[in-house]
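Residue numbers (the working numbering): 427 to 760.
The structure under discussion appears below in the form of structure tokens.
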């Protein structure tokens, strides 16, 4: 889960009226500040959510223009209201993060100074039962971040083959009992379509061995994560969006990624590692300019939220932060 997950009752910069504070806010501001020190910086919040990070960035940098992207119309609506004081310095766009190049081209801003990715599902999506993201509520099996798209979790659960379900549960949920869960889903939907979060959670619980159910939290967690990622093509979007964001950065520009499960973090690590590695053939006396890295890592591994933040906001516990800076333009741009 992503922006605005803090349930603290001590609002500060970036705090929403309900007291929600964005995850790792101080560290995000610190990492992006050097890239936004110029006279007219431009930043992209590629997963706008409730606009908490966006608000804090706008408050910290009076000359900043912020482009906010989110596929959820409710997020755009909420952020528009929240960011009214900065209305002349924001452009909010309903789009998926991997549409970043098209969004920037349409706005006539092909290069930007900073990009923030706050991945996963936001608090409103989790907390509004009718969205069907959470196993803690009984709701329709939906899980769409974009309510206008056709694919829902109900469609996946009731129409995908056993092999497809096993693949999703293994790849996106890291569910070691994927075959058992998939087989029981196939069996149960043969009797009656699976349409509610409660029924699916009960099916998953039944499929997981009793000894395993006693540890590790709700046994449905991994299945719900897998379905959410499949429905919203989250990893596919990140796989395209992060390289596009790096390509769009100006010299000295920075990207920050907040990931909330190992799949997102692993993909982020791989993309950043590829861009920060010297690819000169081994044994050369000097590095070849065309093979020198264009980016440098700003974080040592994945940084974690402080214990204090996690104590205030348990939803921040799974956050992992990585960041990089463009240190060199591509050779053909020099």
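Don't be surprised by glycine CBs; every beta carbon is placed ideally from N, CA and C.
Might you give, ordered along the chain, the residues of its own chain that have their beta carbon closer than 6 Å to the beta carbon of residue 736, omitting 5 neighbours on each side?
742, 743
Just reading off the beta strand (DSSP E) that residue 394 is part of, what are its end residues?
As shown, the chain starts at 427 and ends at 760. That puts residue 394 outside it, with no answer to give.
Name the one or two DSSP bridge partners that residue 470 has.
493, 541
Taking C-beta to C-beta, are residue 657 and residue 593 nearer than 8 Å?
no
Per DSSP, which one or two residues make a beta bridge with residue 675?
538
Return the CA-CA distance between residue 522 and residue 606, expressed in angstroms with no decimal places.
Rounded to the nearest angstrom, the two C-alpha atoms are 33 Å apart.
If you draw a straight line from the alpha carbon of residue 752 to that of residue 611, how long is it in whole angstroms?
47 Å
Looking at C-alpha atoms only, which residue of 475, 653, 750, 710 is the closest neighbour of residue 726?
Closest by alpha carbon: 750.
Just how far apart, CA to CA, sit residue 484 and residue 602?
44 Å
Extract the residue ranges of the alpha helix (DSSP H) inside the region 680–746, only unbroken runs of 4 or more that lie entirely within it.
688–701, 733–738
Can you find the residues in the same chain that come closer than 6 Å, C-beta to C-beta, to residue 685, ignoring five residues on each side of it along the sequence?
545, 691, 694, 746
Roughly how many whole angstroms lie between the Cα atoms of residue 460 and residue 645?
43 Å
Measuring only the C-alpha atoms, how far is residue 818 from residue 539?
Here the chain has residues from 427 to 760 only, and residue 818 is not among them.
Check residue 425 in the structure and name its three-state DSSP category.
Any property of residue 425 remains undetermined from this structure, which presents the chain solely from 427 to 760.
Could you check what DSSP says for residue 509 in three-state terms: helix, strand or coil?
Coil.
Can you tell me the Cβ-Cβ gap for residue 701 and residue 680, rounded? I've got them flagged as a contact below 8 Å.
Wrong, their Cβ atoms sit about 13 Å apart, outside the cutoff.
Does residue 599 pass the burial test, meaning 16 or more other C-beta atoms within 10 Å, or should it be called exposed?
buried
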